[in-house]
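A short write-up of the structure that comes next.
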Amino acid sequence: MKKNKAFFVPFVLAAALFFTTCGLDTFYIVDPPTTVIHEPVYTSTDFSANYFNFISAIYTGPSSFNFLGTAVYYRIYASASTMLSRQSSISAVNTSGDYSAAALRMIGYGYQQLNTSAGTPQPLISDQGANVYIRLCNYGDEKNSSNEYRALIGYIDKIPRRTVSVSGVPKTFDFGRHDNPKYSNPELNALPVSGDEDFESGTVENNKYYVDLYAVAVGRDVTYTTYYSQVLHLGSIPIDASAENN
Numbered sequence: 004m005k006k007n008k009a010f011f012v013p014f015v016l017a018a019a020l021f022f023t024t025c026g027l028d029t030f031y032i033v034d035p036p037t038t039v040i041h042e043p044v045y046t047s048t049d050f051s052a053n054y055f056n057f058i059s060a061i062y063t064g065p066s067s068f069n070f071l072g073t074a075v076y077y078r079i080y081a082s083a084s085t086m087l088s089r090q091s092s093i094s095a096v097n098t099s100g101d102y103s104a105a106a107l108r109m110i111g112y113g114y115q116q117l118n119t120s121a122g123t124p125q126p127l128i129s130d131q132g133a134n135v136y137i138r139l140c141n142y143g144d145e146k147n148s149s150n151e152y153r154a155l156i157g158y159i160d161k162i163p164r165r166t167v168s169v170s171g172v173p174k175t176f177d178f179g180r181h182d183n184p185k186y187s188n189p190e191l192n193a194l195p196v197s198g199d200e201d202f203e204s205g206t207v208e209n210n211k212y213y214v215d216l217y218a219v220a221v222g223r224d225v226t227y228t229t230y231y232s233q234v235l236h237l238g239s240i241p242i243d244a245s246a247e248n249n
C-alpha cells in the first residue's frame with residue numbers, strides 16, 4: 004500500500020489513523036507533547052533555574068500503530084544569536100501543515116538525541132504522560148544523591164550525557180570542570196570543539212556555551228517508517244566554562 008507524508012489537521016485525535024480503500028493512502032498523525040512545566044532561558048544567571056521540566060506525550064490512537072514515546076533532542080551552540088535564529092526557523096514550520104516538518108528541520112540542523120551515562124534510549128521517555136525533569140550540569144557535589152542540583156534525568160534516574168565520547172564513554176555537560184584535576188576523568192568534561200556532532204561551532208564569547216532542547220513524539224508504522232509529531236521547545240540554558248558549577 005502506497006504511503007505519502009501525512010498533513011496535520013487541527014483538532015484531530017492524538018495519533019489518529021485513517022484507513023481508506025486498498026490502493027489509497029494511509030495517514031498517520033502523532034500528537035505532540037504540549038506541556039512545559041519549567042522552561043529555562045539562556046540569559047539566566049540563576050543556577051537553580053537551569054533545568055527543564057515537561058510532560059511526555061500521550062498516545063490515544065489504535066494499537067496497529069507503534070507509538071514509541073517522547074524523544075529529547077539537544078544542540079550545543081557557541082553563539083546565542085545562532086541558536087535563536089535556528090529556533091525561529093524551526094518554529095516557522097512547527098504548524099498544523101506538515102506535522103513532521105519541524106522535527107525534520109531540527110534534526111537537519113544537527114540536533115542529537117540526549118544521551119545518558121547508561122546509553123541512549125531512543126526515544127528517551129517511553130512512558131506516556133510522565134513528569135520529566137532534566138538538569139544537564141552539576142552544581143556542587145555530583146556524587147551526592149541528596150544534592151538537588153546535580154545533573155539528572157529525574158524520571159528515569161539517569162545522568163544526562165552528550166553523544167560524543169572519550170574511549171566509548173560519553174562526555175558530560177560540565178564544561179567548567181574540564182581542567183580540574185580533582186575529578187577522576189576531567190577529559191569527560193571537555194569543551195565542545197569544531198567537528199563534534201552535537202556542537203554548532205563559532206566564536207565563544209565570555210567562555211559561555213548554550214544548550215537548546217526540544218521534545219517530540221515518535222512512532223512507526225508496520226513498514227518501520229518513522230513518524231514525528233510537532234516539536235515542543237523545552238528551553239535553553241547557558242553553561243559558563245569559567246565556572247565549576249552551573
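Residue numbers for the sequence shown follow our numbering, so the first one is 4 and each next one is one higher. Cβ coordinates follow ideal geometry from the N, Cα and C atoms, glycine included.
Inter-stretch contact (C-beta, 8 Å, three-pair minimum) for the stretch 59-73 and the stretch 171-190: no
Unbroken alpha helix (DSSP H) run spanning I110, endpoints: Working through the sequence shown from its first residue, we reach residue 110 at position 107. It spans 104-111 - the alpha helix (DSSP H) in which I110 sits, taken as one unbroken run.
Closest Cα partner of D144 within the set A154, S232, S197, H41: Position 141 of the sequence shown, counting from 1, holds the residue named residue 144. That would be A154, whose Cα lies nearest to the Cα of D144.
Backbone secondary structure at L216 - three-state DSSP: Counted from its first residue, the sequence shown places residue 216 at position 213. Here L216 sits in strand by DSSP.
Per-residue DSSP class, three states only, for E190: Stepping through the sequence shown from its first residue, residue 190 is reached at position 187. It is helical.
CA-to-CA distance, T226 to E42, given in whole angstroms: Position 39 of the sequence shown, counted from the start, is the residue given in the question as residue 42. Position 223 of the sequence shown, counted from the start, is the residue given in the question as residue 226. So the alpha carbons of these two residues sit roughly 36 Å apart.
CB contact flag (L3, P126, <8 Å): Beyond the ends of the chain as shown, which are 4 and 249, falls residue 3; an answer cannot be given.
Collapsed DSSP secondary structure at D243 in the structure displayed: Along the sequence shown, one-based indexing puts residue 243 at 240. Of the three classes helix, strand and coil, the one that applies to D243 here is strand, per DSSP.
Validate contact between the stretch 91-99 and the stretch 176-183 using beta carbons, cut 8 Å, 3 pairs: no
Span of the beta strand (DSSP E) around T38: What you label residue 38 is simply residue 35 of the sequence shown in a count that begins at 1. T38 -> beta strand (DSSP E) spans 38-41.
Sub-8 Å separation of R78 and D201 beta-carbons: What you label residue 78 is simply residue 75 of the sequence shown in a count that begins at 1. What you label residue 201 is simply residue 198 of the sequence shown in a count that begins at 1. Yes, they are a contact pair.
Supposed contact pair A60 and S232 - C-beta distance, whole angstroms, cut 8 Å: Here residue 232 corresponds to residue number 229 of the sequence shown, with the count starting at 1. Here residue 60 corresponds to residue number 57 of the sequence shown, with the count starting at 1. Yes, they are in contact, since the Cβ atoms of S232 and A60 sit about 7 Å apart, within 8 Å.
Beta-carbon proximity of Y234 to A133, cut-off 8 Å: Within the sequence shown, the letter at position 231 stands for residue 234. Within the sequence shown, the letter at position 130 stands for residue 133. The sequence given here has Val at residue 234, not Tyr. It is not a contact, given that the beta carbons lie outside the stated cut-off.
DSSP bridge partner residues for Y230 (one or two, in chain order): Within the sequence shown, the letter at position 227 stands for residue 230. Note: Y230 sits in a beta bridge opposite G222.
One or two residues paired with T119 in a DSSP bridge: Working through the sequence shown from its first residue, we reach residue 119 at position 116. Answer by DSSP bridge pairing, in chain order: P163.
Rounded C-alpha distance that separates D243 from T85: Locating residue 243 in the sequence shown gives position 240, counting from the first residue. Locating residue 85 in the sequence shown gives position 82, counting from the first residue. Looking at the two C-alpha atoms, the distance is approximately 17 Å.
Element boundaries [alpha helix (DSSP H), containing A83]: What you label residue 83 is simply residue 80 of the sequence shown in a count that begins at 1. Per DSSP, A83 belongs to the alpha helix (DSSP H) from 83-95.
Three-way DSSP call (helix, strand, coil) for G72 in this model: Locating residue 72 in the sequence shown gives position 69, counting from the first residue. Note: G72 maps to strand in three-state DSSP.
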